[in-house]
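Residue numbers for the sequence shown follow the UniProt record's numbering, beginning at 1 and rising by one. Just so you know, even glycine gets a beta-carbon here, dropped at the ideal spot from N, CA and C. For reference, the structure discussed in these notes is given below.
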Amino acid sequence: MSEDSFVKVKHSIPLDILSDLITRFLIHVPPESKQNLIRICFQIELAHWYYLDFYVANDNNLKGCTITEFAAHVFQHIPSLKSHCDNLNEIMEEWKLYKQSVPTYGAILLSEDLTHVLLVQSYFAKSSWGFPKGKVNEEEDPTHCAIREVLEETGFDITNYIDSNYYLESVIHEQLIRLYVIVGISMDTQFRPRTRNEIKACEWFAIGDLPNSKKDNASKLKMGVNPNAFFMVMPFIKRIKALSVNNNKNRRHRQKSASISEGENITKSKLKLNQRADTDDIKFIKKYKERKNSHSKKQLFNNTRDEIEFTAPSWLNFKFDKTAIMECIP
Numbered sequence: 001m002s003e004d005s006f007v008k009v010k011h012s013i014p015l016d017i018l019s020d021l022i023t024r025f026l027i028h029v030p031p032e033s034k035q036n037l038i039r040i041c042f043q044i045e046l047a048h049w050y051y052l053d054f055y056v057a058n059d060n061n062l063k064g065c066t067i068t069e070f071a072a073h074v075f076q077h078i079p080s081l082k083s084h085c086d087n088l089n090e091i092m093e094e095w096k097l098y099k100q101s102v103p104t105y106g107a108i109l110l111s112e113d114l115t116h117v118l119l120v121q122s123y124f125a126k127s128s129w130g131f132p133k134g135k136v137n138e139e140e141d142p143t144h145c146a147i148r149e150v151l152e153e154t155g156f157d158i159t160n161y162i163d164s165n166y167y168l169e170s171v172i173h174e175q176l177i178r179l180y181v182i183v184g185i186s187m188d189t190q191f192r193p194r195t196r197n198e199i200k201a202c203e204w205f206a207i208g209d210l211p212n213s214k215k216d217n218a219s220k221l222k223m224g225v226n227p228n229a230f231f232m233v234m235p236f237i238k239r240i241k242a243l244s245v246n247n248n249k250n251r252r253h254r255q256k257s258a259s260i261s262e263g264e265n266i267t268k269s270k271l272k273l274n275q276r277a278d279t280d281d282i283k284f285i286k287k288y289k290e291r292k293n294s295h296s297k298k299q300l301f302n303n304t305r306d307e308i309e310f311t312a313p314s315w316l317n318f319k320f321d322k323t324a325i326m327e328c329i330p
């Protein structure tokens with residue numbers, strides 16, 4: 001398909017909306033990543049979701065479009081991408097194949113009483129909040145990927161908290177997303193992202209204040225934040241709320257029947273959570289056991305002084321220098 005054919009695409013996006021989407025999702029991509037078309041496609045996908053969910057859904061004059069049609073608009077609008085218009089179909093196919101083969105792993109960090117959840121704000125989508133997560137490297141263990149991504153994006157090491165059996169999982173737009181549930185985190189914890197120009201902020205949010213859907217104005221009424229700011233969190237919110245509600249019921253029952261002292265820390269007792277199943281591809285938490293003095297088998301760093309390398313045939317290639325990282329820890 002030639003560049004001229006893209007100009008003649010019947011679908012159109014108002015220039016002000018297209019500029020807003022590019023500003024939200026593409027303008028803050030680091031310079032070194034702007035040359036990587038696979039990375040750009042992932043940002044274009046976020047912008048496309050946002051366009052469909054929060055522009056098209058609320059304006060009858062706007063029409064939906066495919067991800068390739070949307071990408072065509074973006075490629076023609078950004079000077080540095082315009083030269084790739086002739087190869088857009090091939091670029092999109094390569095990206096789709098890569099995307100389907102690379103799952104995303106991360107964590108849902110819950111407060112000690114399971115009333116708050118930690119969310120991160122990206123420089124790429126500064127008006128949106130999500131869970132700390134990222135794509136797995138080639139041959140990398142899922143729990144190790146989650147540990148690495150959470151450490152990079154929050155500065156907090158979940159090695160001693162993570163359990164490979166306790167997670168929420170969903171497939172969103174053909175991509176597997178698995179988030180390990182981490183409980184018992186103090187809200188006084190200081191979070192310091194270790195990546196530059198990626199994570200802007202880490203904040204606790206009351207679970208009860210988060211919107212269940214894009215039409216739920218709970219966050220607007222309670223926090224003054226539009227529900228579309230949580231569009232990457234919404235697929236998991238109902239299940240997170242179920243964990244919180246079930247735990248509170250169990251805690252009240254234990255306090256009544258076993259006379260648990262009022263100030264006792266919730267991590268000193270077992271949490272028995274009702275198993276739920278919305279779709280076949282979602283696995284819910286069955287139980288939680290205290291791991292205060294135990295260690296996960298999946299350690300982020302080993303005891304050697306060798307460099308730890310993670311490699312992948314993609315833009316995810318990177319290398320950890322243990323010495324350099326440890327020097328950044330206060």
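query = Going by beta carbon distance, what residues of the same chain come within less than 6 angstroms of Glu153, once the five residues before and after it are set aside?
reply = As a working mapping, residue 153 is identified with position 153 in the sequence shown. Val120, Pro132, Pro193 and Ile199, listed in sequence order.
query = Within this structure, are the beta carbons of Leu18 and His77 separated by less than 8 angstroms?
reply = As a first step, residue 18 is located in the sequence shown; it is residue number 18 there, counting from the start. As a first step, residue 77 is located in the sequence shown; it is residue number 77 there, counting from the start. In contact: Leu18 and His77 (Cβ atoms closer than 8 angstroms).
Classification of Thr23 by the beta-carbon crowding that lies within 10 angstroms, buried from 16 upward:
For the purposes of this step, residue 23 is taken as the residue at position 23 of the sequence shown. The residue is exposed, with fewer than 16 neighbouring Cβ atoms inside 10 Å.
Looking at the structure shown, is Ile91 part of a helix, part of a strand, or coil, going by DSSP? Within the sequence shown, numbered from 1, the residue matching residue 91 stands at position 91. It is helical.
Note to self: Mapping the DSSP letters down to three states, classify Ser170 as helix, strand or coil.
What the structure shows: Locating residue 170 in the sequence shown gives position 170, counting from the first residue. Three-state DSSP puts Ser170 in a strand.
Notebook entry, point to check: Skipping 5 residues on each side, what residues in its chain have a beta carbon closer than 7 angstroms to that of Val150?
Noted result: Indexing the sequence shown from 1 puts residue 150 at position 150. Here the set comprises Gly106, Ala107, Pro132, Phe156 and Ile158.
Report the partner residues of Ile199 according to the DSSP bridge assignment.
Position 199 of the sequence shown, counted from the start, is the residue given in the question as residue 199. Bridge partners of Ile199: Ser122.
_Just to confirm, is the Cβ distance from Leu21 to Tyr51 under 8 angstroms?_
Against the sequence shown, residue 21 aligns to sequence position 21. Against the sequence shown, residue 51 aligns to sequence position 51. Cβ atoms of Leu21 and Tyr51: closer than 8 angstroms.
ask   = Could you give the distance in angstroms between the alpha-carbon of Arg178 and the alpha-carbon of Pro103?
value = As a first step, residue 178 must be located in the sequence shown, where it is residue number 178. As a first step, residue 103 must be located in the sequence shown, where it is residue number 103. Distance between the alpha carbons of Arg178 and Pro103 is about 8 angstroms.
Exercise. Assuming Trp129 contacts Val233 (C-beta within less than 8 angstroms), just tell me the rounded distance between them.
Key: Taking the first residue of the sequence shown as 1, we reach residue 129 at position 129. Taking the first residue of the sequence shown as 1, we reach residue 233 at position 233. Right, their Cβ atoms sit about 6 angstroms apart.
Return the residue from the list Ser12, Val183, Thr195 and Ser244 that minimises the CA-CA distance to residue 379. Since the first and last residues shown for the chain are 1 and 330, residue 379 lies out of range.
* Note down, in chain order, each residue of its chain lying with its Cβ closer than 6 angstroms to the Cβ of Thr68, except the 5 sequence neighbours on either side. => Within the sequence shown, residue 68 is the residue found at index 68, counting from 1. Around Thr68: Met92.
| Closest to His116 by CA distance: which of Ile185, Ser164 and His84 is it? | Taking the first residue of the sequence shown as position 1, residue 116 is located at position 116. Selected option, being the one with the closest Cα: Ile185.
Practice task
For Ile172, count neighbouring C-beta atoms within 10 Å of its own C-beta (all shown protein chains included) and say buried if the count is 16 or more, exposed if not.
Solution key: For the purposes of this step, residue 172 is taken as residue 172 along the sequence shown, with counting starting at 1. Ile172 should be labelled exposed.
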